[in-house]
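Novice:
Protein chains: 2
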Amino acid sequence: MTASDILDHHQVKKTTPRVALIQAMQEARVPLSENEIKERMGELYDRATFYRSVQTLSSAGIIHRIVADNVMVKYALNNCENGHHHQVDHAHFFCRQCHHLYCLKSIKVQTLDLPSGFVDEEHDLVIRGICDQCNSQLK
Amino acid sequence: MTASDILDHHQVKKTTPRVALIQAMQEARVPLSENEIKERMGELYDRATFYRSVQTLSSAGIIHRIVADNVMVKYALNNCENGHHHQVDHAHFFCRQCHHLYCLKSIKVQTLDLPSGFVDEEHDLVIRGICDQCNSQLK
DNA sequence: ATTCATTTGAAACATTGTTTCATTTGATTG
DNA sequence: CAATCAAATGAAACAATGTTTCAAATGAAT
Ligand SMILES: [Mn+2]
Ligand SMILES: [Mn+2]
Ligand SMILES: [Zn+2]
Ligand SMILES: [Zn+2]
Chain P
350 MTASDILDHH
360 QVKKTTPRVA
370 LIQAMQEARV
380 PLSENEIKER
390 MGELYDRATF
400 YRSVQTLSSA
410 GIIHRIVADN
420 VMVKYALNNC
430 ENGHHHQVDH
440 AHFFCRQCHH
450 LYCLKSIKVQ
460 TLDLPSGFVD
470 EEHDLVIRGI
480 CDQCNSQLK
Chain Y
350 MTASDILDHH
360 QVKKTTPRVA
370 LIQAMQEARV
380 PLSENEIKER
390 MGELYDRATF
400 YRSVQTLSSA
410 GIIHRIVADN
420 VMVKYALNNC
430 ENGHHHQVDH
440 AHFFCRQCHH
450 LYCLKSIKVQ
460 TLDLPSGFVD
470 EEHDLVIRGI
480 CDQCNSQLK
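Protein sequences, first through last, are from chains P and Y.
Residue numbering for the first sequence follows this note's numbering, beginning at 350 and increasing consecutively.
Residue numbering for the second sequence follows this note's numbering, beginning at 350 and increasing consecutively.
(1) Work out the CA separation of Leu-463/Y and Asp-469/Y for me, nearest whole Å.
(2) What residues of chain Y sit near Gly-410/P, judged by a beta carbon separation below 7 Å?
(3) Three or more C-beta pairs closer than 8 Å, one from the segment 404 to 418 of chain P and one from the segment 353 to 364 of chain P: is that the case here?
(4) Hey, out of Ser-353/Y, Thr-364/Y and Glu-376/Y, whose CA is closest to Ala-425/Y's CA?
(5) Taking the C-alpha atoms as reference points, what is the distance between Arg-367/P and Val-437/P?
(6) Apply the 10 Å Cβ neighbour rule to Leu-406/Y and answer buried if 16 or more other Cβ atoms are within range, or exposed otherwise.
(7) Is His-359/Y close to chain P, meaning its C-beta is less than 8 Å from at least one C-beta of that chain?
(8) Measuring straight from C-alpha to C-alpha, what distance separates Leu-461/Y and Thr-460/P?
(9) Can you tell me whether Cys-452/Y sits near ligand 2, meaning its C-beta is under 7 Å from at least one heavy atom of the ligand?
(10) In chain order, which beta strand (DSSP E) runs of at least 3 residues are fully inside the segment 393 to 442 of chain P?
(11) Determine whether the Cβ of Ser-465/Y lies closer than 8 Å to any Cβ atom of chain P.
(12) Is His-449/P a contact residue of ligand 3, with contact defined as CB to any heavy atom under 7 Å?
(13) Please decide whether Ser-376/P counts as near chain Y, where near means a Cβ-Cβ distance under 8 Å.
(14) Can you give the beta carbon distance from Ala-369/P to Met-390/P, rounded, assuming they're within the 8 Å contact cut?
(15) Can you tell me the Cα-Cα spacing of Phe-442/Y and Glu-392/P, whole angstroms?
(16) Please state whether the Cβ-Cβ distance between Asp-473/P and Phe-467/Y is less than 8 Å.
(17) What does a CB cutoff of less than 7 Å around Cys-483/P pick up in its chain, not counting 5 residues either side in sequence?
(18) Give the straight-line distance between the Cα atoms of Lys-457/P and Asn-419/P, rounded to the nearest whole angstrom.
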């Protein structure tokens, strides 16, 4: 599906920055940080527009946020036909050295039975540390 | 145990800001944000010292960080005799309205079997949304 | 083509976190 | 109890992330 189709399908107004944002994420196939998206968007990137877009696209169910740590959020498409995310049903590993966010599909997030009155809008099971590649380079 | 005893026990140098930080957390009995700690420390608080202290005390195993979301980290004592945390073996709920961080002791974090080469330094299972109290006030 | 609500982009602002470096402090030794 | 000195502190400048405001641009619908 093209970025344009996705916006149509979710009934979200089709604008140049939104199309460019979705395309950047489609080409990457892994969760991207704001900065990684900025590099891919080039002059189509604007900070304020970016934050408004991720808000709009998250609400529409087109993308989701993954809070990698307190100073880095990554963004990924939902239901990406690249075989990436459906929703966030798996854990993520954030490497503090290389800042890559790994999808750990083998670690599933259990069903979360919240006390009544609590509403889950977003959740993450995030593990932070050093990844295998960075570990082997340290030797 | 007094703050002073805890520092001795972990062989961490006893300084005025560190003692004040630990005391603030002991009195609170719930995970606190930097700002909540700042209020409790009064004039003993300094930004740079605070960040260095949480780094030192985390490494020593006296406290731990919980990444509530991308713009809020909460801090809690380990093995607090108040009956609070042992380690982070349970999920947390962060209310986006009132910014309270709830310990969900009923939701245990499963054992995390990482692929070889990956090292877990810190992990969080965090659910973000609206808490029961804020929900009932909205009606 | 015209309309008009929505969206954009620039700028100023707020908050969180880091770095630098001169000064202070607290554990140790005599 | 001094004297010592590595470790820690605090002030300031800096960097990164995220929000708000508002005039100008734009895109969906008529
Ligand atoms: Mn994933
Ligand atoms: Mn807890
Ligand atoms: Zn890595
Ligand atoms: Zn609440």
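Glycine included, each C-beta is placed from N, C-alpha and C at the ideal position.
Specialist: Reading off the structure:
(1) Translated into positions along the second sequence, residue 469/Y becomes position 120. Translated into positions along the second sequence, residue 463/Y becomes position 114. Each residue's Cα considered, the two are about 8 Å apart.
(2) Translated into the one-based positions of the first sequence, residue 410/P becomes position 61. Correct list: empty, because the minimum Cβ distance to chain Y is about 16 Å.
(3) yes
(4) Indexing the second sequence from 1 puts residue 425/Y at position 76. Nearest C-alpha to Ala-425/Y: Glu-376/Y.
(5) The residue labelled residue 367/P in the question sits at position 18 within the first sequence. The residue labelled residue 437/P in the question sits at position 88 within the first sequence. Roughly 22 Å between the two C-alpha positions.
(6) Start at 1 with the first residue of the second sequence, and residue 406/Y comes out as number 57. It counts as buried.
(7) By one-based count along the second sequence, residue 359/Y stands at place 10. Not an interface residue.
(8) Locating residue 461/Y in the second sequence gives position 112, where the first residue counts as 1. Locating residue 460/P in the first sequence gives position 111, where the first residue counts as 1. For Leu-461/Y and Thr-460/P, the distance between alpha carbons rounds to 16 Å.
(9) As a position in the second sequence, residue 452/Y is number 103, starting the count at 1. At least one heavy atom of ligand 2 is nearer than 7 Å to the Cβ of Cys-452/Y, so yes.
(10) Those beta strand (DSSP E) runs which fall completely within the segment 393 to 442 of chain P and span 3+ residues are 412 to 418 and 421 to 426.
(11) Here residue 465/Y refers to the residue found at position 116 when the second sequence is read from its first residue. So yes, Ser-465/Y belongs to the interface.
(12) Numbered from its first residue, the first sequence carries residue 449/P at position 100. Yes; taking the cut-off as 7 Å, the Cβ of His-449/P has a heavy atom of ligand 3 nearer than that.
(13) To locate residue 376/P, count along the first sequence from 1; it is residue 27. The sequence shown places Glu at residue 376/P, rather than the Ser named in the question. No, Glu-376/P lies away from the interface with chain Y (no Cβ there is under 8 Å from its Cβ).
(14) Taking the first residue of the first sequence as 1, we reach residue 369/P at position 20. Taking the first residue of the first sequence as 1, we reach residue 390/P at position 41. Rounded, the Cβ-Cβ distance is 5 Å, consistent with contact.
(15) By 1-based counting over the second sequence, the position of residue 442/Y is 93. By 1-based counting over the first sequence, the position of residue 392/P is 43. Distance between the alpha carbons of Phe-442/Y and Glu-392/P: 38 Å.
(16) For this step, residue 473/P is matched to residue 124 along the first sequence. For this step, residue 467/Y is matched to residue 118 along the second sequence. Result no, Cβ atoms of Asp-473/P and Phe-467/Y do not sit closer than 8 Å.
(17) If you number the first sequence from 1, residue 483/P lands on position 134. Correct list, in chain order: Cys-444, Gln-446 and Cys-447.
(18) Locating residue 457/P in the first sequence gives position 108, where the first residue counts as 1. Locating residue 419/P in the first sequence gives position 70, where the first residue counts as 1. The alpha-carbon atoms of Lys-457/P and Asn-419/P are separated by roughly 22 Å.
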